[in-house]
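Below is one structure; the comments refer to it alone.
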Amino acid sequence: MGGHAPVTNDPDADEVYFQYEDIDQQQESYVVGMWAFLVTEVMFFGALFLMYAIYRWKWHTDFYLVHKQLDWQLGGLNTFVLLISSFCVAMAVHYAQLKKPKQQLICLGITLACAFGFLGIKTIEYSSKFEHNLFPNHSFVYADHKVTSYGMEKKDVTGRAAGVEHAKKVKKPQEGDPNRARLFLSLYFAMTGLHGLHVVIGILVIGTLMIMIARKSPLITDYVPTEMIGLYWHFVDLVWIFLYPLFYLIPK
Amino acid sequence: MAHESHSSGHSGGHAHVIPQSKLIATMGALTGLMLLTIFAAQVPYWFPAFAWLKDQHLLMNLIAIGIAFWKAWLVVSIFMGVKFATKLTRLFAIGGFVWFTLMFITMIDYFTRPWEPVKGWEAGNSSALPRNVARPE
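Protein chains in written order, with the numbering used here: chain A, 8 to 259; chain B, 582 to 718.
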């Protein structure tokens, strides 16, 4: 059994509940249960990825032109931030198994900092989209065309003061069909928004775990809670691994 | 299988502790692949010698998605520990991603038939809403 170290010598941790044969079966059921939840998450995001694939197939040229509005440098930075956080969670599980709560807390702390960093960078990206009227709501304007649920019309620049300001604010040339642009940005906000919501939930869960570890809560007897939360956080990283090339690095 | 599960008949709650060096190596590989995917996407614009890649849509898409799956595999197998997990865990993990891939069979419909316009949803009058909605003046 090379590389297999006995981890739990704590009598509390070895407590086997009555419905299990032994501690191994008990631990396995935790992991399988968590994976069952993650599979539902794959289905949840999968529907959005499929919708993205259909519209990208249909309007690939427009998607390529509109994706230039996104900042691939900031997206890449966010990818790296999430990779670091994922690595730190893996290290936290490693230290939890070795029963080193201090190092475990440091790793979880770095993860939490990365999660906040990710949201911070995301806020910069989102706010510039809002500023350029690229959020798909009633004030959506792309390439001098106002696109709403009622249809598309040429933006009257002199009509509203906002129109003049808008023309000044837009730095990048806006190419492609404004309707498809709205579709692309709707998908962008829906998918990265849902992912961002998962990051927020992750922050709450990791924060709670850190407090419980720091307070030596009797509910945390072994590495299992850290591993379960780690699985969730790796999944969040996994979604971003696909979102990044699909939204920020579209080939022509 | 070399890395058989921790539930191998031993009692006492053994778990596979993934060595630190392996985690660091995985992190390095993930960072390298991230840089590779960015490089692959930008290389036709940075180097005029590779400008011909701009027209290789299928190749560029396959590279991007291939690298994404490679990174996903590293995260799932090492960071999430599926490589060292029990067979039942592997079944759940792999099942989820197999389902994800199967879902894209839907694309066959779009690959093999023309896009059929739905009355009221035609291009030019473009909107996702029916046309009989009262429009504000």
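Backbone N, C-alpha and C define an ideal beta-carbon position, used for all residues, glycine too.
Item, Value
"Hey, would you say A:H145 sits closer than 8 Å to A:P185, going by beta carbons?", "no"
"Taking 8 Å as the CB-CB cut-off, is A:E182 touching chain B?", "no"
"Excluding sequence positions up to five away, which residues of its chain have a Cβ less than 6 Å from the Cβ of B:A583?", "Residue confidence for B:A583 is low, a pLDDT of 41 falling below 50, so the modelled location carries little weight and cannot support an answer."
"What does the alpha-carbon distance come out to for the pair A:V246 and B:N642?", "18 Å"
"Chain B beta carbons: is any one of them nearer than 8 Å to that of A:F25?", "no"
"Whose Cβ in chain A lies nearer than 9 Å to the Cβ of B:H628?", "With the sequence shown as reference, residue 628 of chain B is identified as Phe, and His is not the correct amino acid for it. Within chain A, no residue comes near B:F628; the closest Cβ sits about 15 Å away, beyond 9 Å."
"Sort A:Q26, A:D29 and A:L192 by Cα distance to A:S135 and report the nearest one.", "A:L192"
"Residues of chain A with CB under 7 Å from B:L617, in chain order?", "The contacting residues do not exist; B:L617 stays about 11 Å from chain A at best."
"Quickly, what does DSSP pair A:T228 with across the bridge? List them, please.", "For A:T228, which the question treats as bridged, DSSP gives no partner whatsoever."
"Can A:T118 and A:A99 be called in contact, C-beta distance under 8 Å?", "yes"
"Tell me whether B:T667 sits in a helix, a strand or coil according to DSSP, three-state version.", "coil"
"Cβ of A:L211 within 8 Å of Cβ of A:T233?", "no"
"Is DSSP giving A:G10 helix, strand or coil here?", "The predicted model places A:G10 with a pLDDT of 42, which falls under 50 and marks its position as unreliable, so this point remains unresolved."
"Need the endpoints of the alpha helix (DSSP H) that A:T130 sits in, please.", "P108 to E138"
"From A:T155 to B:L669, what distance separates their C-alpha atoms?", "49 Å"
"Give the DSSP-derived three-state secondary structure of A:P258 in the structure shown.", "coil"
"For B:G613, would you say it is in contact with chain A, using Cβ-to-Cβ distances shorter than 8 Å as the test?", "no"
"With DSSP as the reference, label A:V75 as helix, strand or coil.", "Note that residue 75 of chain A is Lys in the sequence shown here, rather than Val. In this structure, A:K75 counts as coil in the three-state DSSP scheme."
"Under a three-way DSSP split, which group does A:Y251 fall into?", "helix"
"For a test of the three-state rule: what should DSSP assign to A:Y149, helix, strand or coil?", "strand"
"Does any residue of chain A bring its CB to less than 8 Å from the CB of B:A610?", "no"
"By the three-class DSSP mapping on this structure, what secondary structure does A:V246 have?", "helix"
"Which one or two residues does DSSP pair with A:H101 in a beta bridge?", "In DSSP, A:H101 forms no bridge with anything."
"Between the alpha carbons of A:W108 and B:A666, how many angstroms are there, rounded?", "Per the sequence presented here, residue 108 of chain A reads as Pro, with Trp not at that position. The straight-line gap from Cα to Cα measures roughly 24 Å."
"Secondary structure at A:T165, three-state DSSP: helix, strand or coil?", "Per-residue confidence for A:T165 stands at a pLDDT of 48, beneath the threshold of 50, marking its modelled position as unreliable; no derived number is given."
"Below 8 Å between beta carbons: does that hold for A:V243 and A:G209?", "yes"
"Can you give me the Cβ contacts of A:M235 inside the same chain, cut-off strictly under 7 Å, excluding the 5 residues immediately before and after it?", "Y37 and M41"
"DSSP three-state call for A:E234: helix, strand or coil?", "helix"
"For A:Q111, I'd like the list of residues in its chain whose CB is within less than 8 Å of its CB, leaving aside the five on either flank, ordered along the chain.", "A99, Y102, A103, I220 and T233"
"Taking the straight line between their C-alpha atoms, what separation do you get for B:A622 and A:Q32?", "46 Å"
"Would you say B:I599 lies against chain A (beta-carbon separation less than 8 Å)?", "yes"
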